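Enquirer: I'd like to ask you about the structure that follows.
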Amino acid sequence: MTVAETRSDIVAAAPAVRHQRRISWGAVGDHAILIIGSLIMIVPVVLAFLTSTHDVVTIHREGLQFLPGGEFAKTYGNVLFRSGGFTGEVNGVTMTVNSLILGIGFAVGKIVVSMMAAYAIVYFRFPFGTFAFWMIFTTLLLPLEVRILPSYEIVQSLGLTNTYTGLIVPLIASATGTFFFRQFFKSVPDELVEAARIDGAGPVKFFIDILLPLSQTMIAAMFIIMFVYGWNQYLWPTLITTDEGYFTLVRGIKQILQVWIGSNIPEYGEAMALAILAMLPPVVIVVVFQSWFVKGLTESDK
Amino acid sequence: MIRNLAAAAFLLSSTALSFAQTEITFWHAMGGALGESVNKIAENFNASQSDVKLTPVFKGTYEENLTAGIAAFRAGEQPNIIQVFDAGAATIINAPGAVIAVEDIMTQAGMTFDINAYISGVRGFYAAPDGKMVGMPFNSSAPIMYYNIAALEKAGVTPPKTWEEFEAAAPKLKEAGFIPLAQSHLPWIFTENFHSRHNLPFATNDNGYTGVEGTKLLVNNDAIKTHFTKLVEWKSNGMFEWYGAGWADNQTPFEQEKVAIWLGSSGSFGGLKKSAQFEFGAAPLPFWKSIVGDAQPDGYQSFIGGAALFAMSGKSEEENKAVAKFFEYLTSADVQYQWHKETGYVPITNAAYDAAKADGYYTETPAAEVGITQLNLPAGEFTKGYRMGFYVQIRDVMNREYGKIFTGEATVEDAFKTIEEEGNALLERFAKTAS
Amino acid sequence: MKRVVFGHSWLPYAFLLPQMAIIVVFFYWPAAEAVRSSFYLEDPFGFGSTFVGLENYTTALTGNEYQRVARFTAWFTVIVTFLSLALALLLAVKADHVLRGASTYKTLLMWVYAVAPPVAGILGILFFDQHIGPLVDLAAFFGWDMKVGVNYNDTAIAMITVSVWKQVPVNFIFFLSGLQSIPRSVREAALIDCQSATRRFFTVTFPLLAPTGFFLLIINITYALFDTFGVVDIMTKNEPANNPVTLVYKVYLDGFRGNDLGGSSAQSVILMVLVLALTVFQFRLIERRVHYT
Chain A
52 MTVAETRSDI
62 VAAAPAVRHQ
72 RRISWGAVGD
82 HAILIIGSLI
92 MIVPVVLAFL
102 TSTHDVVTIH
112 REGLQFLPGG
122 EFAKTYGNVL
132 FRSGGFTGEV
142 NGVTMTVNSL
152 ILGIGFAVGK
162 IVVSMMAAYA
172 IVYFRFPFGT
182 FAFWMIFTTL
192 LLPLEVRILP
202 SYEIVQSLGL
212 TNTYTGLIVP
222 LIASATGTFF
232 FRQFFKSVPD
242 ELVEAARIDG
252 AGPVKFFIDI
262 LLPLSQTMIA
272 AMFIIMFVYG
282 WNQYLWPTLI
292 TTDEGYFTLV
302 RGIKQILQVW
312 IGSNIPEYGE
322 AMALAILAML
332 PPVVIVVVFQ
342 SWFVKGLTES
352 DK
Chain B
7 MIRNLAAAAF
17 LLSSTALSFA
27 QTEITFWHAM
37 GGALGESVNK
47 IAENFNASQS
57 DVKLTPVFKG
67 TYEENLTAGI
77 AAFRAGEQPN
87 IIQVFDAGAA
97 TIINAPGAVI
107 AVEDIMTQAG
117 MTFDINAYIS
127 GVRGFYAAPD
137 GKMVGMPFNS
147 SAPIMYYNIA
157 ALEKAGVTPP
167 KTWEEFEAAA
177 PKLKEAGFIP
187 LAQSHLPWIF
197 TENFHSRHNL
207 PFATNDNGYT
217 GVEGTKLLVN
227 NDAIKTHFTK
237 LVEWKSNGMF
247 EWYGAGWADN
257 QTPFEQEKVA
267 IWLGSSGSFG
277 GLKKSAQFEF
287 GAAPLPFWKS
297 IVGDAQPDGY
307 QSFIGGAALF
317 AMSGKSEEEN
327 KAVAKFFEYL
337 TSADVQYQWH
347 KETGYVPITN
357 AAYDAAKADG
367 YYTETPAAEV
377 GITQLNLPAG
387 EFTKGYRMGF
397 YVQIRDVMNR
407 EYGKIFTGEA
417 TVEDAFKTIE
427 EEGNALLERF
437 AKTAS
Chain V
23 MKRVVFGHSW
33 LPYAFLLPQM
43 AIIVVFFYWP
53 AAEAVRSSFY
63 LEDPFGFGST
73 FVGLENYTTA
83 LTGNEYQRVA
93 RFTAWFTVIV
103 TFLSLALALL
113 LAVKADHVLR
123 GASTYKTLLM
133 WVYAVAPPVA
143 GILGILFFDQ
153 HIGPLVDLAA
163 FFGWDMKVGV
173 NYNDTAIAMI
183 TVSVWKQVPV
193 NFIFFLSGLQ
203 SIPRSVREAA
213 LIDCQSATRR
223 FFTVTFPLLA
233 PTGFFLLIIN
243 ITYALFDTFG
253 VVDIMTKNEP
263 ANNPVTLVYK
273 VYLDGFRGND
283 LGGSSAQSVI
293 LMVLVLALTV
303 FQFRLIERRV
313 HYT
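Here it is, written out as structure tokens:
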């Protein structure tokens, strides 16, 4: 339990104590709303999982299934290990690996690049500093989606389609992380810099020995948010990777859905299984590292 | 990065080892079971000789495949062969120097090319204005009619040959508890092939074949408007249902035995055999006798749907030779017959068709012959095909306006006026890209 | 700005270099390229192009379809934003209020944050499938013949439902943490002053949450405009036909599906201007926010 939660329990306890005799109906109502809300969040995913354990023809003719079926091992085995494509080099495992590379590569890249830039902006005064700040800031204005076509052309003309570099680096070209660390660095007491100076530490030493350890929680929070963001990318990987060897899980879903528009029976079961696999890692990370994640998310706007 | 380096190193070493072998790539849009058939063809081709190694790569939908091919071409990394669908044919054929015509690549490689070896229905669509074959028809299909045999028997009707016959039979099918009719692709079945089946002009400039300048859609005509007016009437009488623009959304109710007659692709045959747990038959796409008249008792032939293979330019002579070799293999009677049997696409050469007949395939499964029969029907002035740029968007406009017709948001008259206007504006824009 | 800074001649540039290199190559260059190509009509293979001035803009802005897409995008954004915020606020207030299971509810209500929009889209098409979707059956039970993929409004409702489902968790997290940061003393004072819980919410809690709300407003508008791409793409099943799509999806359709590079670029530039306007608006709000906190 985190500090924030404990505090909220105390705060919430205050009205409860006072209204002890009258709360029952109100509390029941509160719980009812929360339970309905939780169910709406969970039931679709549970049904998707149950459905994924049935065979295609059943799903095709009868729809979503409310009980587990007997195809679990087969469907998930297929999705994970059956090789697709002529080269036979793509299956669920390779797609998971690619998703991990994208998620981790993006998170690490973004953190490193934006911490460095934020450090330069906050701790140095130099010509063009303000100009650089505004150049970086402007990138917040235009999401990748609105400059998607020319971005694609440039990545393609650099010969970076179907590479991890082309997949990851263009996604880093926005300033969200830089701003996050800029705000954090500004909240670090000036006394630390002075102390470091007295000790004779230069800027690089200060960055590595003092600022980095101080930022640990922020880095962890940022990592989780950025990992989820990178893992869940869809449009960009759809365009940049046409080589099956580079498909991510989320990208792979589109591939399976392709049959929806063709004349074969859609592989509903496998699409569902892939969807479940695609949501599993980010969900686990968000749930397990909940407190860091929430902190990172809510602090980033300050 | 590391992976790339490793791949590059591997490539270097492997080229050194297999110096004699020419490697060529083939980008296609055949997913699922169709993709497996393509892979099998490639494996067999590679095993059949040792000079050429072909690698097929699945690139997504037809649209994605074309876009990927274009992007690769601009970056100088194009594949040797790319599969392009009917609606994208104008984009690739009108780009000067993007492709080498099939006929040229074959003759340059010292092979013979005889256009008469191909069945008549597939010769024209992917050809230059002078009749030279540019793209090689690969997965060619025709829109045909599938019917639930038990449903028709229950209603006491025979499969309708014309829309007049359908109109007479539909109330009985409805009586028997079925939705008489559904279809899966309005632009393809009820627009493009509507013009072809009735030998009506679809666009000026010989359906767009003689040039991009000034090509205009002729889709706003009385024949098709009458047809759609009928469809609206049938829909309100419960004789026709439309389930949106998704292919499967319209096929599913037929498989669920709710719909008695469904218009789909000859290539749907393989899938239906698996998903439909009842007896079904197939027959050619109905036509209006009132439009065709008595001259053609079975109507005119339909356009080939599906897609063709294009040899992309900018490759070495050696690789082009390898491409020609693969084309030769692909058109051989055995390969075509096998492909036809597995997928339901029509065999593109007369030899393959004869082989299927000789093998007794059609006596066994008569439904499999319907597509090719329809493509072999008499040709007319306007049945060769169409060639229009930005046609993907034109199809989108059609789909949108047809949606409006069937949900009552637009009248047939207004919808076709919009299709004509927006379609012509797109064609005009396309003409400007080509200069 | 920091009062204490380092002085160094080249080090700050070295620290800035990676970020600057990436944004110049992958941000400024593409943005400039979009503006340039919006004035041309180009052969997709790159063999030729014609300068057409503002034609791509006028074609887009005067086109009926573009206007319809723009109107839908506006509605879609307003509804998705409003519903996601309202439902999240309701749940956050309740989760802040309950004694037992608060942290369990919190986990259960926030984890969908990690689900990718296209994955949400897949769940959407299955639940709203014309033939097999349980939500369509449910609608039929109430006498509503829901036809997703056929009826424009029904498809819109399905898309909105899925998009809201996906967005409620983020808002929930922010609202809950906003509520929990309200000092205890303020809450106790409010309890004494104000007996009605509803009035207490609107006179005390709501104003205190307003800064969070303003911030979330921008986040949600951006989400509805751009991040719902995956939902739209999956739910239209590659054949938009007469179904609603958003402006970003139209950029993709014309550029990638239709290979109309100039037209697609012009639409990109229009969106850039729109986002620019939105950001100016956001700045105003942030300024106001500073006064609040």
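Chains as they are written, first to last, in this note's numbering: chain A, 52 to 353; chain B, 7 to 441; chain V, 23 to 315. Quick reminder that beta carbons are idealized off the backbone N, C-alpha and C, glycines included. Here the structure is a predicted model, which is why all the values come from computation and not from measurement.
(1) Determine, using beta carbons only, whether T104 of chain A and F123 of chain A come nearer to each other than 7 Å.
(2) What residue ranges within the stretch 317-372 of chain B form continuous alpha helix (DSSP H) runs of no fewer than 4 residues, ordered along the chain?
(3) Using the rule of at least 16 other Cβ atoms within 10 Å of the residue's Cβ for burial, across every protein chain shown, is E64 of chain V buried or exposed?
(4) Using a Cβ-Cβ distance cut-off of 7 Å, determine whether M273 of chain A contacts chain V.
(5) Would you please verify whether the beta carbon of N173 of chain V is less than 7 Å from any beta carbon of chain B?
(6) What is the DSSP secondary structure of Y249 of chain B, reduced to helix, strand or coil?
(7) Excluding sequence positions up to five away, which residues of its chain have a Cβ less than 7 Å from the Cβ of K410 of chain B?
(8) Could you spell out where the beta strand (DSSP E) holding F91 of chain B opens and where it closes?
(9) On the three-state DSSP scale, how would you describe M257 of chain V?
(10) What does the Cβ neighbour count give for R306 of chain V, buried or exposed, with the cut at 16 atoms within 10 Å?
(11) What residue ranges within the stretch 69-129 of chain A form continuous alpha helix (DSSP H) runs of no fewer than 4 residues, ordered along the chain?
(12) Going by other Cβ atoms of all chains shown within 10 Å of its Cβ, with 16 needed for buried, is G165 of chain V buried or exposed?
(13) Cβ closer than 7 Å: which chain V residues qualify as neighbours of P95 of chain A?
(14) Rounded to the nearest angstrom, what separates I106 of chain B and N326 of chain B at their Cα positions?
(15) What residues of chain A sit near M181 of chain V, judged by a beta carbon separation below 8 Å?
(16) Below 7 Å between beta carbons: does that hold for N78 of chain V and G285 of chain V?
(17) Return the first residue and the last residue of the alpha helix (DSSP H) that I411 of chain B is part of.
(18) Name the chain B residues whose beta carbon is nearer than 7 Å to that of R112 of chain A?
(19) Alpha carbon to alpha carbon, how far is F237 of chain V from Q341 of chain A? Give it in angstroms, no decimals.
(20) Identify whether Q27 of chain B lies in helix, strand or coil by the three-state DSSP scheme.
(21) Tell me the rounded alpha-carbon separation between T118 of chain B and V158 of chain V.
(22) Could you tell me the distance, in whole angstroms, from the CA atom of K438 of chain B to the CA atom of D136 of chain B?
(23) At 9 Å on the CB atoms, spell out the chain V contacts of Y249 of chain B, in chain order.
(24) Just the chain B side, please: which residues come within less than 9 Å of V108 of chain A by C-beta, in chain order?
(25) Mind checking if A81 of chain B is an interface residue toward chain A, Cβ cutoff 7 Å exclusive?
(26) Answer with buried or exposed for I310 of chain B, where buried requires no fewer than 16 other C-beta atoms within 10 angstroms of its C-beta.
(27) Is there contact between the stretch 335-355 of chain B and the stretch 215-234 of chain B, where contact requires at least three CB pairs shorter than 8 Å?
(28) Which chain V residues sit within Cβ distance under 9 Å of A324 of chain A?
(29) On the premise that Q289 of chain V lies in contact with A82 of chain V, defined as a C-beta separation below 8 Å, what is that separation, rounded to the nearest angstrom?
(30) Could you tell me the alpha carbon to alpha carbon distance between A254 of chain B and R206 of chain V, rounded to whole angstroms?
(31) Of the residues that make up the stretch 191-212 of chain A, which ones have a beta carbon closer than 8 Å to any beta carbon in chain B?
(32) Just to confirm my understanding: we take G37 of chain B, look at its own chain, exclude 5 residues before and 5 after, and list those with CB closer than 7 Å. What are they?
(33) Mind checking whether G143 of chain A and V130 of chain A have CB atoms under 7 Å apart?
(34) Report buried or exposed for R58 of chain V, applying the criterion of at least 16 other Cβ atoms within 10 angstroms of its Cβ.
(35) From the DSSP output, in three-state form, read off H233 of chain B for me.
(36) At the 7 Å Cβ level, is Q307 of chain B part of the contact set with chain V, yes or no?
Expert: According to the data block:
(1) Counted from its first residue, the first sequence places residue 104 of chain A at position 53. Counted from its first residue, the first sequence places residue 123 of chain A at position 72. Cβ distance < 7 Å, so T104 of chain A and F123 of chain A count as in contact.
(2) If we require 4 residues or more, the alpha helix (DSSP H) runs fully inside the stretch 317-372 of chain B come out as 323-336, 339-349, 356-364, 367-370.
(3) Taking the first residue of the third sequence as 1, we reach residue 64 of chain V at position 42. Counting Cβ neighbours within 10 Å, E64 of chain V comes out buried, since at least 16 surround it.
(4) Position 222 of the first sequence, counting from 1, holds the residue named residue 273 of chain A. Taking Cβ atoms only, chain V never reaches closer than 7 Å to M273 of chain A, which makes this a no.
(5) One-based indexing of the third sequence puts residue 173 of chain V at position 151. The Cβ of N173 of chain V sits closer than 7 Å to at least one Cβ of chain B.
(6) On the second sequence, position 243 is the one that residue 249 of chain B refers to. In the structure shown, Y249 of chain B sits in coil (DSSP, three-state: anything other than H, G, I, E or B).
(7) Numbered from 1 along the second sequence, position 404 holds the residue referred to as residue 410 of chain B. Correct list, in chain order: A416, A421.
(8) In the second sequence, residue 91 of chain B corresponds to position 85, counting from 1. Taken as a continuous stretch (DSSP letters only), the beta strand (DSSP E) holding F91 of chain B covers 87-91.
(9) Residue 257 of chain V sits at position 235 when you count from the first residue of the third sequence. In the displayed model, M257 of chain V falls within a helix according to three-state DSSP.
(10) For the purposes of this step, residue 306 of chain V is taken as residue 284 along the third sequence, with counting starting at 1. R306 of chain V is exposed by the Cβ-count criterion.
(11) Whole alpha helix (DSSP H) segments, 4+ residues: 74-103, 107-113.
(12) Taking the third sequence and counting its residues from 1, one reaches residue 165 of chain V at position 143. Exposed is the call here.
(13) Within the first sequence, the letter at position 44 stands for residue 95 of chain A. Against chain V, a Cβ distance below 7 Å from P95 of chain A picks out L145, F149.
(14) By 1-based counting over the second sequence, the position of residue 106 of chain B is 100. By 1-based counting over the second sequence, the position of residue 326 of chain B is 320. The straight-line gap from Cα to Cα measures roughly 9 Å.
(15) The residue you call residue 181 of chain V lines up with position 159 of the third sequence. Per Cβ cutoff of 8 Å: no residues; M181 of chain V is ~15 Å from chain A at best.
(16) The sequence position of residue 78 of chain V within the third sequence is 56, counting from 1. The sequence position of residue 285 of chain V within the third sequence is 263, counting from 1. A contact, by the Cβ cut-off of 7 Å.
(17) Start at 1 with the first residue of the second sequence, and residue 411 of chain B comes out as number 405. In this chain, the alpha helix (DSSP H) harbouring I411 of chain B covers 397-412.
(18) As a position in the first sequence, residue 112 of chain A is number 61, starting the count at 1. Contact annotation for R112 of chain A against chain B: Q262 [CB-CB distance below 7 Å, chain order].
(19) Within the first sequence, numbered from 1, the residue matching residue 341 of chain A stands at position 290. Within the third sequence, numbered from 1, the residue matching residue 237 of chain V stands at position 215. The straight-line gap from Cα to Cα measures roughly 21 Å.
(20) Your numbering for residue 27 of chain B matches position 21 in the second sequence. Three-state DSSP puts Q27 of chain B in coil, outside helix and strand.
(21) Here residue 118 of chain B is taken as the residue at index 112 of the second sequence, counted from 1. Here residue 158 of chain V is taken as the residue at index 136 of the third sequence, counted from 1. Their Cα atoms are separated by approximately 58 Å.
(22) Translated into positions along the second sequence, residue 438 of chain B becomes position 432. Translated into positions along the second sequence, residue 136 of chain B becomes position 130. Taking the straight line joining both Cα atoms gives about 23 Å.
(23) Counting from one through the second sequence, the residue named residue 249 of chain B turns up at place 243. Neighbours of Y249 of chain B on chain V, chain order: Q152, H153, K169, G171, V172.
(24) The residue labelled residue 108 of chain A in the question sits at position 57 within the first sequence. Contacts between V108 of chain A and chain B, judged by CB atoms closer than 9 Å, involve K280, S281, Q283 in chain order.
(25) As a working mapping, residue 81 of chain B is identified with position 75 in the second sequence. By this cut-off, A81 of chain B is an interface position.
(26) Taking the first residue of the second sequence as 1, we reach residue 310 of chain B at position 304. Counting other Cβ atoms within 10 Å of its Cβ, I310 of chain B reaches 16 or more and is therefore classed as buried.
(27) Touching, no.
(28) By one-based count along the first sequence, residue 324 of chain A stands at place 273. Near A324 of chain A there are no residues of chain V at all, since even the closest Cβ is about 11 Å away, more than 9 Å.
(29) In the third sequence, the residue the question calls residue 82 of chain V occupies position 60. In the third sequence, the residue the question calls residue 289 of chain V occupies position 267. Contact check for A82 of chain V and Q289 of chain V: beta-carbon distance about 5 Å, within the 8 Å limit, so the pair qualifies.
(30) On the second sequence, position 248 is the one that residue 254 of chain B refers to. On the third sequence, position 184 is the one that residue 206 of chain V refers to. Pairing A254 of chain B with R206 of chain V, the inter-Cα distance amounts to about 58 Å.
(31) Listed by position, the residues of the stretch 191-212 of chain A near chain B (Cβ gap below 8 Å) are Y203, E204, Q207, S208, G210, T212.
(32) The residue you call residue 37 of chain B lines up with position 31 of the second sequence. So the qualifying residues of the chain are F64.
(33) Start at 1 with the first residue of the first sequence, and residue 143 of chain A comes out as number 92. Start at 1 with the first residue of the first sequence, and residue 130 of chain A comes out as number 79. Note that the C-beta distance between G143 of chain A and V130 of chain A is below 7 Å.
(34) As a working note, residue 58 of chain V is residue 36 in the third sequence. Burial call: exposed.
(35) Working through the second sequence from its first residue, we reach residue 233 of chain B at position 227. Per DSSP, reduced to three states, the secondary structure at H233 of chain B is helical.
(36) Position 301 of the second sequence, counted from the start, is the residue given in the question as residue 307 of chain B. Judged by the 7 Å Cβ criterion, Q307 of chain B is not in contact with chain V.
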